[in-house]
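Here's the structure, in structure tokens; my notes come after.
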Amino acid sequence: MCAQMVPALASGRVLRAFAGSRPLYQPEAPASGDGEGGGDTREVSRNFAVVDHPRLDGLDNMYSIVGGKLTTCRQMAEAVVDRLAERMGVTEPCRTATEVLPGADHGPHRLAEPLARVERDYAYGELICECELVTRGQVREEVAAGLTELEDLRRKLRLGYGPCQAAFCAWRAAGMLAEARSAGNGSGDGGHFQGGAPVDQDPVVGLERFLEERWRGQRSTIWGDQARQALLNHAIYRGTFDLRGEGVPDEAAAPTEGG
Amino acid sequence: MRADVVVVGAGPAGLASATRLAEAGRQVLLLARGNGFTHWGAGAVDVLGRIGGEPVERPLEAIDRLPEGHPYHLVGQDAIRDGLAWFSRFTEAAGLTHAGDPDRNRVQVTAFGTLRPTCLVPEPAAGPGWGITEPPDAASGPPVGERSPTTNGGVPGRPQGRVAVVNFAGFRDFSSALCADHLRRAGIDATAASAPLPAWDHERYFTGVELARAIDDAGFRRRLAPGLARAAAGADVAVVPAVLGVGRGHEPWADLQSLAGVPLVEAATAPPSIPGLRLFAAYQARLEALGVRWQFGFPAVGVERDGDLIAAVRSEGASRVQSTRCQELVLATGGVAGNGIEANRDGTLTEQVAGLPVEGFADRMAFIGDRFLGDHPLGAAGVRVDAELRPVDASGTPLAANLRCVGGLLAGHDPTAEGSREGVALATASRVAALLAATPVR
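From first to last, the protein sequence lines stand for chains A and B.
Just so we're aligned, residue -4 is where the first sequence starts under the numbering used here, counting upward by one.
Just so we're aligned, residue 219 is where the second sequence starts under the numbering used here, counting upward by one.
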């Protein structure tokens, strides 16, 4: 359907497929159409709304904030809190637009800081993940800060999100985790993973779990170039490294979740 | 343009076929889109590593257990033996001697500390005396993880004695901690260490190929050896990433282990495969010596037919498609992984050069399995051929009398899942060379 709107998508390289549900708000059901519930949901606004229960329902002390999405969450909070402040007689000006969220002033999403780090220390910039430009220094810092799983590194640094879908970065990062753990063992600290996993957990099993999780989102987009990529990845991990996924239970590999 | 035989593809099957056909006296033109699996693989010769996921001990005997239509059944055991024997002679003459026995699989140490089943390995990956089989010490044969670290327990290639896993400081594609950790889980006495690199041109960071080129230099090796020896102190053998030289065969490996005073074993390392680059260079030199013409970076895109014969092959040129008339055409373009076959979004498959029939799937979800590390039906997709490697239609009739298919392009085998890529390549190259050597030039 997307390719009907954007024909180039048909021959493009689709990396993954995932789905999520999005709450939409429309006070009155649409009169006609083929959507769920008898209405055409395409016409429903994607905006958010503060539902004024005192006015609509005669409930004197209740407001709802509905619709919207993570991108607009601060604006949503502002809208509903402004309404409450007005009701409660609070006159303090709203600071949402000027208050910086914790962590927003530093981190890998800011270009200047990683570039300054690379200027100070060239090895910091060595790429571990070529697709998403994740550097050795970034992985080292996150591991030192307590991340012990490839999944955590992925969410924090975008490791494995790119076109090759973890063909090269995952085993490099797994190696760095193994080095860090072995250094931790030597100094007597880091005796346990976060979350209580024992320190002698096989690093290969952690990698296998990561690969199976990544596979879930790729399964429905395997054709063309991405089919070649998938078979190359298979030839690297299964063929050259002889990983067999025996440490990954079926429920961890089962395609039950999206994303 | 004109050629006697055109070989399309420069992977394990195309390189071996072109070389053997030229040795048989044919005038060969090699057309290739780019590098093939020499650059992507483990740097060994897999003949038949696993059936149904279980390791195979005797690959040539196990062939009987393969399903009907497997390329090994089409070419027969003689072609497999001949292919492996030819490869051993060719690599030895090129300074890339291989160890191993076609009748007995061995294991190859990987960068992950796993022991992958294979058949022949380059000498730097073989281990000192690891190929000598010893009977398991208990009558029933203990499981792999419980074998004594001082013997290989009857598994050729399994590390013996005290093993130091040594990385070269700063090399991002190998982790000695990860490799040693997993070797210990298999009951091998392994420790992790790091060897400093002498001053060189890549202070910041470097690739395996850059390091291998540096190790080609005798002076660099002399400066590298003392640190390597210290890192491996007390060990019987040092397992290292497969980066010990790329342009001088196995000589840098032999020299460095002599300088360091400890046997060195190259672990199967991630792509690009440096042992594969050595092999590719050996093929390139041999093909040049045999006068084989070589067009690299120009994919074949079609054929021209003349009745039941292929009259010409069409390939991309610098500015336009060129047509090369030929007596014989050999396709060694690979399966889906090698770009010989395109997997389409609707579940169908398209052979890329001659539009040969390839059995597709009901839909694209049938291409693959639920588990990434399991098997994927797409890996076994390919072109059906007769006993003379000619592609056939649904009724088994050859589609062209002078068209042959070799290697990963063939239906009925999964090179990765069963560990048969190089074996099928060499066996079908042997067969095609025998068939076409006997064919008089029209």
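The beta-carbon is built from N, C-alpha and C at its ideal position, and this holds for glycine as well.
Alpha helix (DSSP H) segment containing residue i, residue limits
{"i": "residue 222 (chain B)", "result": "Segment 220 to 226 is the beta strand (DSSP E) holding residue 222 (chain B); no alpha helix (DSSP H) there."}
{"i": "residue 482 (chain B)", "result": "Careful: residue 482 (chain B) lies outside any alpha helix (DSSP H), inside the beta strand (DSSP E) at 482 to 485."}
{"i": "residue 293 (chain B)", "result": "289 to 311"}
{"i": "residue 280 (chain B)", "result": "277 to 280"}
{"i": "residue 495 (chain B)", "result": "492 to 507"}
{"i": "residue 85 (chain A)", "result": "Careful: residue 85 (chain A) lies outside any alpha helix (DSSP H) and carries neither H nor E."}
{"i": "residue 173 (chain B)", "result": "Residue 173 (chain B) falls outside the range modelled here, since chain B spans only 219 to 660, and no answer is possible."}
Beta carbon proximity, residue i to chain A, threshold 7 Å
{"i": "residue 423 (chain B)", "result": "yes"}
{"i": "residue 554 (chain B)", "result": "yes"}
{"i": "residue 301 (chain B)", "result": "no"}
{"i": "residue 638 (chain B)", "result": "no"}
{"i": "residue 561 (chain B)", "result": "yes"}
{"i": "residue 586 (chain B)", "result": "yes"}
{"i": "residue 389 (chain B)", "result": "no"}
{"i": "residue 228 (chain B)", "result": "no"}
{"i": "residue 652 (chain B)", "result": "no"}
{"i": "residue 614 (chain B)", "result": "no"}
Residue i vs residue j beta-carbon contact at 7 Å
{"i": "residue 256 (chain B)", "j": "residue 497 (chain B)", "result": "yes"}
{"i": "residue 221 (chain B)", "j": "residue 542 (chain B)", "result": "yes"}
{"i": "residue 228 (chain B)", "j": "residue 254 (chain B)", "result": "yes"}
{"i": "residue 383 (chain B)", "j": "residue 397 (chain B)", "result": "yes"}
{"i": "residue 597 (chain B)", "j": "residue 634 (chain B)", "result": "yes"}
{"i": "residue 581 (chain B)", "j": "residue 565 (chain B)", "result": "yes"}
{"i": "residue 466 (chain B)", "j": "residue 434 (chain B)", "result": "yes"}
{"i": "residue 278 (chain B)", "j": "residue 321 (chain B)", "result": "yes"}
{"i": "residue 402 (chain B)", "j": "residue 408 (chain B)", "result": "yes"}
{"i": "residue 161 (chain A)", "j": "residue 209 (chain A)", "result": "yes"}
{"i": "residue 393 (chain B)", "j": "residue 174 (chain A)", "result": "yes"}
{"i": "residue 117 (chain A)", "j": "residue 422 (chain B)", "result": "yes"}
{"i": "residue 263 (chain B)", "j": "residue 640 (chain B)", "result": "yes"}
{"i": "residue 643 (chain B)", "j": "residue 234 (chain B)", "result": "yes"}
{"i": "residue 335 (chain B)", "j": "residue 414 (chain B)", "result": "no"}
{"i": "residue 571 (chain B)", "j": "residue 518 (chain B)", "result": "yes"}
{"i": "residue 246 (chain B)", "j": "residue 510 (chain B)", "result": "yes"}
{"i": "residue 559 (chain B)", "j": "residue 567 (chain B)", "result": "yes"}
Opening and closing residue of the beta strand (DSSP E) in which residue i lies
{"i": "residue 58 (chain A)", "result": "58 to 62"}
{"i": "residue 348 (chain B)", "result": "Per DSSP, residue 348 (chain B) belongs to no beta strand (DSSP E) and is neither H nor E."}
{"i": "residue 620 (chain B)", "result": "It is not in any beta strand (DSSP E) - residue 620 (chain B) carries neither H nor E in the DSSP assignment."}
{"i": "residue 412 (chain B)", "result": "408 to 413"}
{"i": "residue 549 (chain B)", "result": "539 to 549"}
{"i": "residue 248 (chain B)", "result": "246 to 250"}
{"i": "residue 524 (chain B)", "result": "518 to 524"}
{"i": "residue 568 (chain B)", "result": "567 to 569"}
{"i": "residue 513 (chain B)", "result": "511 to 514"}
{"i": "residue 336 (chain B)", "result": "333 to 336"}
{"i": "residue 532 (chain B)", "result": "527 to 534"}
{"i": "residue 385 (chain B)", "result": "381 to 386"}
Residue-chain proximity (residue i, chain D), Cβ-Cβ < 7 Å
{"i": "residue 235 (chain A)", "result": "Going by chain labels, chain D is absent from the structure shown, which instead holds the protein chains A and B."}
Any C-beta of chain B under 7 Å from that of residue i
{"i": "residue 227 (chain A)", "result": "yes"}
{"i": "residue 157 (chain A)", "result": "no"}
{"i": "residue 2 (chain A)", "result": "no"}
{"i": "residue 198 (chain A)", "result": "yes"}
{"i": "residue 242 (chain A)", "result": "no"}
{"i": "residue 170 (chain A)", "result": "yes"}
{"i": "residue 144 (chain A)", "result": "no"}
{"i": "residue 119 (chain A)", "result": "no"}
{"i": "residue 222 (chain A)", "result": "yes"}
{"i": "residue 177 (chain A)", "result": "yes"}
Residue i, DSSP secondary structure in three states
{"i": "residue 468 (chain B)", "result": "coil"}
{"i": "residue 184 (chain A)", "result": "Low per-residue confidence applies at residue 184 (chain A): pLDDT is 38, beneath 50, and the placement is therefore not dependable, though the value from the model is reported in the following sentence. Note: residue 184 (chain A) maps to coil in three-state DSSP."}
{"i": "residue 230 (chain B)", "result": "helix"}
{"i": "residue 426 (chain B)", "result": "helix"}
{"i": "residue 397 (chain B)", "result": "helix"}
{"i": "residue 273 (chain B)", "result": "strand"}
{"i": "residue 236 (chain A)", "result": "coil"}
{"i": "residue 643 (chain B)", "result": "helix"}
{"i": "residue 650 (chain B)", "result": "helix"}
{"i": "residue 255 (chain B)", "result": "helix"}
{"i": "residue 286 (chain B)", "result": "coil"}
{"i": "residue 359 (chain B)", "result": "At residue 359 (chain B) the pLDDT is 45, less than 50, meaning the model places this residue with poor confidence; the figure from the coordinates comes in the next sentence. Residue 359 (chain B) falls in the coil class under three-state DSSP."}
Nearest-angstrom Cβ-Cβ length linking residue i and residue j, presumed shorter than 8 Å
{"i": "residue 485 (chain B)", "j": "residue 329 (chain B)", "result": "5 Å"}
{"i": "residue 144 (chain A)", "j": "residue 591 (chain B)", "result": "That pair is no contact at about 18 Å."}
{"i": "residue 482 (chain B)", "j": "residue 462 (chain B)", "result": "7 Å"}
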